[in-house]
Each structure stands twice: as C-alpha cells, then as structure tokens.
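One structure is given here, and the rest of the page talks about it.
Protein chains: 2
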Amino acid sequence: MDQQSVTMSDVARAAGVSVTTVSYVLSGKRAVAPDKREAVQKAVAELGFRLNTVAQSLRTKRSRTVALIVPDIANPFYAQLARGLQDAMRPERYHVVVCNTNADRAEELLYLDDVVRRRLDGVVITPQWLAPEDFDAVRAAGIPVVVSSDTGPGSLDLVRADSHEAVDQAVAHLARQGHERLGMLAGPAGAPAGDPRLELYRAAAGRHGLDLPAGLIVRGKHTREAGAEGLRRLMSRKKPPTAIACVNDRTAVGALEAAEQLGLAIPSDLALIGHDDIEIASLVRPRLSTIRYPAYEAGSTCGRLLLERIAGRAGRSEVALRTRLVLRETT
Amino acid sequence: MDQQSVTMSDVARAAGVSVTTVSYVLSGKRAVAPDKREAVQKAVAELGFRLNTVAQSLRTKRSRTVALIVPDIANPFYAQLARGLQDAMRPERYHVVVCNTNADRAEELLYLDDVVRRRLDGVVITPQWLAPEDFDAVRAAGIPVVVSSDTGPGSLDLVRADSHEAVDQAVAHLARQGHERLGMLAGPAGAPAGDPRLELYRAAAGRHGLDLPAGLIVRGKHTREAGAEGLRRLMSRKKPPTAIACVNDRTAVGALEAAEQLGLAIPSDLALIGHDDIEIASLVRPRLSTIRYPAYEAGSTCGRLLLERIAGRAGRSEVALRTRLVLRETT
DNA sequence: TACCGTAGCGCAATCGATTGCGCGATGGGA
DNA sequence: TCCCATCGCGCAATCGATTGCGCTACGGTA
Numbered sequence: 001m002d003q004q005s006v007t008m009s010d011v012a013r014a015a016g017v018s019v020t021t022v023s024y025v026l027s028g029k030r031a032v033a034p035d036k037r038e039a040v041q042k043a044v045a046e047l048g049f050r051l052n053t054v055a056q057s058l059r060t061k062r063s064r065t066v067a068l069i070v071p072d073i074a075n076p077f078y079a080q081l082a083r084g085l086q087d088a089m090r091p092e093r094y095h096v097v098v099c100n101t102n103a104d105r106a107e108e109l110l111y112l113d114d115v116v117r118r119r120l121d122g123v124v125i126t127p128q129w130l131a132p133e134d135f136d137a138v139r140a141a142g143i144p145v146v147v148s149s150d151t152g153p154g155s156l157d158l159v160r161a162d163s164h165e166a167v168d169q170a171v172a173h174l175a176r177q178g179h180e181r182l183g184m185l186a187g188p189a190g191a192p193a194g195d196p197r198l199e200l201y202r203a204a205a206g207r208h209g210l211d212l213p214a215g216l217i218v219r220g221k222h223t224r225e226a227g228a229e230g231l232r233r234l235m236s237r238k239k240p241p242t243a244i245a246c247v248n249d250r251t252a253v254g255a256l257e258a259a260e261q262l263g264l265a266i267p268s269d270l271a272l273i274g275h276d277d278i279e280i281a282s283l284v285r286p287r288l289s290t291i292r293y294p295a296y297e298a299g300s301t302c303g304r305l306l307l308e309r310i311a312g313r314a315g316r317s318e319v320a321l322r323t324r325l326v327l328r329e330t331t
Numbered sequence: 001m002d003q004q005s006v007t008m009s010d011v012a013r014a015a016g017v018s019v020t021t022v023s024y025v026l027s028g029k030r031a032v033a034p035d036k037r038e039a040v041q042k043a044v045a046e047l048g049f050r051l052n053t054v055a056q057s058l059r060t061k062r063s064r065t066v067a068l069i070v071p072d073i074a075n076p077f078y079a080q081l082a083r084g085l086q087d088a089m090r091p092e093r094y095h096v097v098v099c100n101t102n103a104d105r106a107e108e109l110l111y112l113d114d115v116v117r118r119r120l121d122g123v124v125i126t127p128q129w130l131a132p133e134d135f136d137a138v139r140a141a142g143i144p145v146v147v148s149s150d151t152g153p154g155s156l157d158l159v160r161a162d163s164h165e166a167v168d169q170a171v172a173h174l175a176r177q178g179h180e181r182l183g184m185l186a187g188p189a190g191a192p193a194g195d196p197r198l199e200l201y202r203a204a205a206g207r208h209g210l211d212l213p214a215g216l217i218v219r220g221k222h223t224r225e226a227g228a229e230g231l232r233r234l235m236s237r238k239k240p241p242t243a244i245a246c247v248n249d250r251t252a253v254g255a256l257e258a259a260e261q262l263g264l265a266i267p268s269d270l271a272l273i274g275h276d277d278i279e280i281a282s283l284v285r286p287r288l289s290t291i292r293y294p295a296y297e298a299g300s301t302c303g304r305l306l307l308e309r310i311a312g313r314a315g316r317s318e319v320a321l322r323t324r325l326v327l328r329e330t331t
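Line by line, the protein sequences are chains A and B.
Heads up: the first sequence is residues 1 to 331, going by UniProt numbering.
Heads up: the second sequence is residues 1 to 331, going by UniProt numbering.
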C-alpha cells in the first residue's frame, strides 16, 4: 500500500558507502573509485532506488517543471501550442503542467500565484486580462515568463504573430473581388492590450479603400457560438457587410454555420476569412480561407525562449512568427 | 533576479512567534490565540509570504499533482479528455502534467518512471503498449492509476467505452442498407490488449450476416494519414468493401479525403463509419456517421476515480461509458 | 490549599536529497 | 627521508516546511 520508498541512505548502507558517495555516483559530479561506483550501481538496481525529485527540488530550487496557462486546452489551437511547447521541453527533461483559465482573470491570477508557490521554473502564458503589474510577484520570484499573444507586457519575452502583411493581402484580395463593406467578428471588449487584429484590419481597410464602420464590428469570445451569434447580429444590420474577417477560425466556423442556416451562399453572398488555420479550417465546406499561424511552432519557440531564460539569458526577446494568407473557398 | 524568497521563519520572526505557530495559523489545524493569529497574518501579508509547496510535498509526501499520459495532446480526442480531467481535479487544487508518448512504448515507460520519481499523487493513462507488469513500480510506490482505454490491466481502475450496443446498431443499419462486405480500418497490430473495437465489429457482422473477411482488415495508426492509406489499400482489393468501419474519427476523416480523391461517392459507392464523434466529425462534408464517445466525460470520470483512490478507496472500479450511434451522411 | 484538565505554544526531529569543507592515503619530486 | 599535490571520500549543514511531545499558565473543583 503505502510502500516505504527506498532512499539514498538505504542505498548507501547496502553499498557500504556514505550518501555523499551515492549522490556523486548518481550525478557524476565528482570522481568515484570504480569499485565503489559499481557497488552503488548494484545497490541502486537491486533496491529499485529512484531519486526523489521533490527532495532534490527543495535542495536545488529547480523543479524541472513549467506551467502553460491558456484559456482552454480543448481548443485545438492551444492544444497544438501545448504540443509544440512540450516537444521543446522534453529533451531537457522538463514537465509541463497545463492550466485552463477559461479566459477568466481570476483564474489567470490564481494560476500565476500557484506558479510561485510551487516554485516552477517558468511559465508560458496567453494572458487575456492581465496587466503588467500582475506579473510582479512572478518576476520578484525570479521566474521566467514567456508570453504567447499578439501583444503583451512590454518587459516580458514575447512570441507573437506578425500578421501585418497577411492581413494586408487578405484585404487587398477582398477589395479586388469588389467588396466594399467589411465587417469583423473581433475579440472580447475591454482587453487590456486592445485588439491588435482588429487594428490590422482597420488599417488595411483604409489602405485598400474598404469601409469597416464601427457598427460592423462585433465583440465576442473566441468560440463557435460567439461566431454564430456575431454573424446573425451583423447580417441583421440595415446595411450588412459583404465580407467578414474573424478573429480566429473557431468564430469563423461558427459564422459559417450560422450563414448556412440563414441561407446565405458563401462566398457569393458573403465572404469569410478566419485566422490561425487550425485543422478544421481545411475540413469544413466550403473550405475556410484563413491566415495561417503556426501554433505548434509558436509553442516550441516559447519553449526555446524559456529554456534560454532558465539558462540565464538576460535581454528581452520578442519573436514575430510570420503568418501567411491561405485562400480557400470562402472568399 | 534570484530573489531570496520569504520563508516561514521570516514570518515567525516578524510576528514574534515560532514557525510552529505560523504553520498552525496557516493550516488551521490547531487553535492559536487571536492576537498571535493576527500578528502572523499581518506578517504574511506584509512580507508577501507564500508557502513553498516543494518543502510541503517533501514533508507530507503529497504533491497535489497528477500525470496524464496520452499519445498526443494535439489530438482533439485527448485534448477533450484532458480538459475533463483537469476540470475534475481543479476543485481539489490538483495540477495535471500532460505527457505525450506518441504511442511509443519507450516513452510510456519513461513517463511512468518519472511519475514515481516525482512522487506524483496519481496517473491517468491511455496505454498503447504496456503490459500489466509494467505498472509494478508505480503500484509498489502506492501511486493510484486510472486507465482510460477500451481495455486494460485487469487490476487497475478502468474507464472505458461500452460500444457493444452502438456497434451492433451500426452494423444492423449497414445490413439494412444492403451492405454485404464490410471492411475495417483497425488499430495497430500487436497491441497487448488486442483490438476490442475490431472484435465488436466482427461479432456484430456475424450476427447480422455481413462479411468481414481478414483480407479487408487493415491495421494502422490512429491518424488521418493512416486512414487515407488504409482506404486506398482496401479499395484496391479484388473485391473491395462497400462499407468501412474506422477505429476512430481521425482515420475516418483521412479515409473520407482519400475516397474523395479516388472519385468515390459517399455514401452511395462506399459507406463510412467512425468512432468518438470529435468536433470535426460533424464539420466535414459529407458529415461523418460515427459512434459517439464522451471524451470530456471520460476525463472527468477518470478524475473522480483518481480522487476517490487518493482519498483511500480500496476496491477496483470500472466505469463503462455508454456510446451512442450518430447517423449522419456517410452511411 | 492541593490537584488536575485544558488551552496555547515551542523545541527539535524529520522528510530525502546536495554540497562546502576538511581529512587521510598515495605517490612523485627534491 | 620529507614535503606537498592530488585523489577519494565522508561529516554535517542546509533547503522549508510538518508535527509529536512536552512545558507553562490558568481556572475550576474538592
């Protein structure tokens, strides 16, 4: 049941040496005479000894564990990000604990607090509601943080999308097809960082002579339901848009479904463009035109930055991952 | 930088009491005089003290962390399972570390070993290649294990699908539509537990007078690519099947794409049926008929069983989650 | 006055590792 | 023969909590 587990002193006794020697055999940090080394290894094998990493962490102050704090791991985008992060951390023998916040500020804070309590070695976070000062405690504890988001507190390492060019191309494409009124299903209102994707579309619309009036910007969560709801709202306007840009593919898929229910023909009645290019985007019909953001690569990049930081890198880094317009059947 | 963090003895000094008292104020396990209690609380607040859970774990031998060991968190099925598990563990303040094995036996063993090294409080695992004795070390360490799989080592808690009825209905439905030759895209060959889903289809085919010849059973991984490849193999047989059952939805989607490329009409030339009902299943066109397995619920059930075990439940439990046939457009 | 139960608190051992420091043995050079 | 550098090893402190045990003070009862 609650087996007494084998400790280093058990091994030491069995091998006829001190725990010091056992420790050094295991870590290889100091030379040990061949006969003792072998005696230790034999004892380790026979007793089935396993280093207790909790005790090790207490002593060394390194837990070899990092946290990934995201709104929802069941969202394929974050699942992909998680995978990238984990694959990057694995070779260094780091574990990743996944934390779902449901895009709730209280949960974000709770998890951040947990990180310092548990003395984790680092955090990758896609914050939804956090202000720079919310990171003070983590920073004070000396715990490295990498933010994965379009924008974040200016002092932390950041991995973001560089969608400038792709959005410009997307809008140019829509303009070429004769669209004049653009609508947008944007992210939630009140986010501390504003809504960078909305700003990109706004600027691009200006450049290409499209109209993106305030009345055609709908705020909502990053979900299918919100996308569907948003589309219905947009299409019930006096002057509905002929093209809609969506903050991500989930909302775009929701919008697609709602449009279908309304009997709208895509793309002839209405063009839709998503963001991220998650697996679903190429599987729905009509296939979703979107702006591809390499989530897996974003995750592994976060991992790389985190490892660098843990290893002691000093300066801040910011990596902008290039996105790419993928034209399919909804535009 | 590497901030000296505040410990209980710092708090004790500031509050003019012993660490013992601080500990008891924090845990509430012993009565403490109001004035001292307040002094401690004040000191905690002023110093920004946070309990070091590593030290706590060492002392109490509980890490409040469990592992989830699955082939791939980027697979929506497992992502959903993970979410269910996490939601179940969260109220008890447990963390979940997610481990991807890529369905590789060596990785499975490595992670299992890690679990005991890190003295985690429990494991949920969907093993692909593990035999009962591979769990000996974990068992010896007294660490609770819950298996999420169609079948598993008979001695461990198990959460599985009960697809008997649904598969029977699916096959009956195919028979009713006049199908006679059934093919199957099954799981990898050589799994220690055999392939329960294949067996279900085999039995049901017998009952309903369908042919499921050995030549029409293709083994492969649980991926889209394997599904596509498998379909091509099946359709190049002398006598190809008119209906194919797939081990899960990912392979079914792969098969669907391959069928489309071959110019096959679904469902008139070929019927397809999947398993799990992941989000994609209802989004592809034609929409995939499938057998719905509630992955989220499976995850939360695993969490519940794990918590019971941690709390001391003795007997083994096995939960069979009822699956349900969902007929859409591929049959 | 003597005795005893109880509430409040602290000492010190303990969990299982890591590591600075120093000690003894060995051997090469003068 | 003597000295000192080098190698191998162990003692004991330390990381930051938890908790068994025992001590003091206080108040009620006989």
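All C-beta atoms, glycine included, are put in the ideal place defined by N, C-alpha and C.
Please read all numbers here as calculations on a predicted model, not as lab measurements.
Would you kindly work out how many angstroms separate the C-alpha atoms of leucine 283 (chain A) and glycine 190 (chain A), rounded to a whole number?
Cα to Cα, the separation comes out at about 33 Å.
Thinking aspartate 211 (chain B) and leucine 182 (chain B) are a contact (beta carbons under 8 Å), I'd like their distance in whole angstroms, please.
The Cβ separation is near 7 Å, so the contact holds.
Does the segment 153–173 of chain B come within contact of the segment 316–324 of chain B, defined as at least 3 CB pairs closer than 8 Å?
The segment 153–173 of chain B, when compared against the segment 316–324 of chain B, does touch it at the 8 Å Cβ threshold.
Using the beta-carbon of each residue, which ones in chain A are nearer than 8 Å to threonine 65 (chain B)?
Result: Val97.
Check for me: the beta strand (DSSP E) holding leucine 256 (chain A) runs from which residue to which?
Taken as a continuous stretch (DSSP letters only), leucine 256 (chain A) belongs to no beta strand (DSSP E), being part of the alpha helix (DSSP H) at 249–261.
Taking the CB atoms as reference points, tell me whether glycine 187 (chain A) and valine 247 (chain A) lie closer together than 7 Å.
Yes.
Listed from N- to C-terminal order along the chain, which residues in the segment 276–295 of chain A have their beta-carbon within a distance smaller than 8 Å of any beta-carbon of chain B?
Listed in sequence order: Glu279, Ile280, Leu283, Val284 and Arg285.
By the 8 Å beta-carbon criterion, what residues does the segment 25–52 of chain B contribute toward chain A?
Result list: Gly48, Arg50, Leu51 and Asn52.
Consult DSSP for leucine 278 (chain A) and reduce its assignment to one of helix, strand or coil.
For the sequence presented, residue 278 (chain A) should be read as isoleucine rather than leucine. Correct three-state label for isoleucine 278 (chain A): coil.
Tell me which residues share the same chain as serine 111 (chain B) and place their Cβ nearer than 6 Å to its Cβ, disregarding the 5 neighbours each side in the sequence.
Contrary to the premise, residue 111 (chain B) reads as tyrosine rather than serine in this sequence. Within the same chain, tyrosine 111 (chain B) has close Cβ partners Ile69 and Cys99.
Smallest Cα separation from leucine 47 (chain A): which of A:Ile73, A:Thr21, A:Arg64 and A:Ala15?
Closest by alpha carbon: A:Ala15.
For a contact defined as C-beta to C-beta under 9 Å, what are the partners of glutamine 86 (chain B) on chain A?
The answer, in chain order, is Ile73, Val98, Cys99 and Asn100.
Is there at least one Cβ from chain A nearer than 7 Å to valine 19 (chain B)'s Cβ?
It does not: the Cβ of valine 19 (chain B) has no partner Cβ on chain A nearer than 7 Å.
How far does the alpha helix (DSSP H) with isoleucine 266 (chain B) in it extend, from its first residue to its last?
Note, isoleucine 266 (chain B): premise wrong, no alpha helix (DSSP H); not H, not E.
What are the uninterrupted segments assigned as alpha helix (DSSP H) that are 4 or more residues long and contained completely in the segment 144–214 of chain B, given in chain order?
For the segment 144–214 of chain B, whole alpha helix (DSSP H) runs of length 4 or above, ordered along the chain, are 164–176 and 196–207.
Terminal residues of the continuous alpha helix (DSSP H) containing threonine 20 (chain B)?
First-last of the alpha helix (DSSP H) with threonine 20 (chain B): 19–27.
Using the DSSP secondary-structure output, state which residues sit across from alanine 95 (chain A) in a beta bridge.
One detail in the question is off: residue 95 (chain A) reads as histidine in this sequence, not alanine. Looking at the DSSP assignment, histidine 95 (chain A) forms a beta bridge with A:Thr65.
Report all residues from its chain with a CB closer than 6 Å to the CB of leucine 325 (chain B); omit the five preceding and five following residues, and keep chain order.
These residues qualify, in order along the chain: Ala166, Gln169, Ala170 and Ile291.
Which residue comes first and which comes last in the beta strand (DSSP E) that contains leucine 321 (chain B)?
Taken as a continuous stretch (DSSP letters only), the beta strand (DSSP E) holding leucine 321 (chain B) covers 318–322.
When DSSP labels each residue in this structure, what does alanine 106 (chain A) get in the three-state scheme?
Of the three classes helix, strand and coil, the one that applies to alanine 106 (chain A) here is helix, per DSSP.
Excluding the 5 residues preceding and the 5 following histidine 208 (chain B) in the sequence, name in chain order all residues of the same chain whose CB lies nearer than 6 Å to its CB.
So the qualifying residues of the chain are Val171, Ala172 and Ala175.
Nearest to residue 333 (chain A) by CA position, among A:Arg90, A:Leu272 and A:Lys29, is which residue?
Residue 333 (chain A) cannot be examined here, being either before or after the span of chain A that is shown, 1 to 331.
If you follow the beta strand (DSSP E) that valine 284 (chain A) is in, where does it begin and where does it stop?
Counting along the chain, valine 284 (chain A) falls outside any beta strand (DSSP E), and DSSP gives it neither H nor E.
List, in chain order, every chain A residue whose beta-carbon is nearer than 9 Å to that of valine 116 (chain B).
Ordered by position in chain A, the residues that pass the 9 Å Cβ test against valine 116 (chain B) are Ser5 and Arg50.
Would you report the Cα separation of arginine 233 (chain A) and aspartate 113 (chain A), rounded to the nearest angstrom?
So the two alpha carbons sit approximately 39 Å from each other.
Which residues bound the beta strand (DSSP E) around valine 218 (chain A)?
Where valine 218 (chain A) is concerned, the enclosing beta strand (DSSP E) stretches over 217–219.
When Cβ atoms are compared, which residues of the segment 225–243 of chain A fall closer than 7 Å to chain B?
From the segment 225–243 of chain A, no residue has a Cβ closer than 7 Å to chain B.
With a threshold of 8 Å, are at least 3 pairs of Cβ atoms found where one atom belongs to the segment 53–62 of chain A and the other to the segment 72–81 of chain A?
As far as the Cβ criterion goes, the segment 53–62 of chain A does not touch the segment 72–81 of chain A, which means the pair count is below three.
Counting only runs of 3+ residues fully inside the segment 29–79 of chain A, write out the beta strand (DSSP E) ranges in chain order.
Segments of the beta strand (DSSP E) lying fully in the segment 29–79 of chain A: 65–70.
Rounded to the nearest angstrom, how far is the Cβ of glycine 84 (chain B) from that of glutamate 297 (chain B), given a contact under 8 Å?
Sure, about 6 Å apart at Cβ, within 8 Å.
Take methionine 1 (chain B) and list the residues in its own chain whose beta-carbon comes closer than 6 Å to its own, dropping the five residues that flank it on each side.
Residue confidence is low: methionine 1 (chain B) scores 36 on pLDDT, short of 50, so the model does not pin down where it sits. Its coordinate-derived value is still stated next. None.
Identify whether leucine 305 (chain A) lies in helix, strand or coil by the three-state DSSP scheme.
Looking at leucine 305 (chain A) - three-state DSSP - the assignment turns out to be helix.
Are the beta-carbon atoms belonging to threonine 242 (chain B) and proline 286 (chain B) less than 7 Å from one another?
No.
Using a 10 Å radius around the Cβ and a threshold of 16 neighbouring Cβ atoms, would you call lysine 221 (chain A) buried or exposed?
Buried, by the Cβ-count rule.
Once the 5 residues before and after valine 11 (chain A) are set aside, which same chain residues still bring their CB inside 7 Å of it?
Cβ neighbours of valine 11 (chain A) beyond the five flanking positions: Val22, Val40, Ala43, Val44, Leu47 and Phe49.
For the beta strand (DSSP E) that glycine 122 (chain A) lies in, which residues bound it at each end?
122–125 is the extent of the beta strand (DSSP E) around glycine 122 (chain A).
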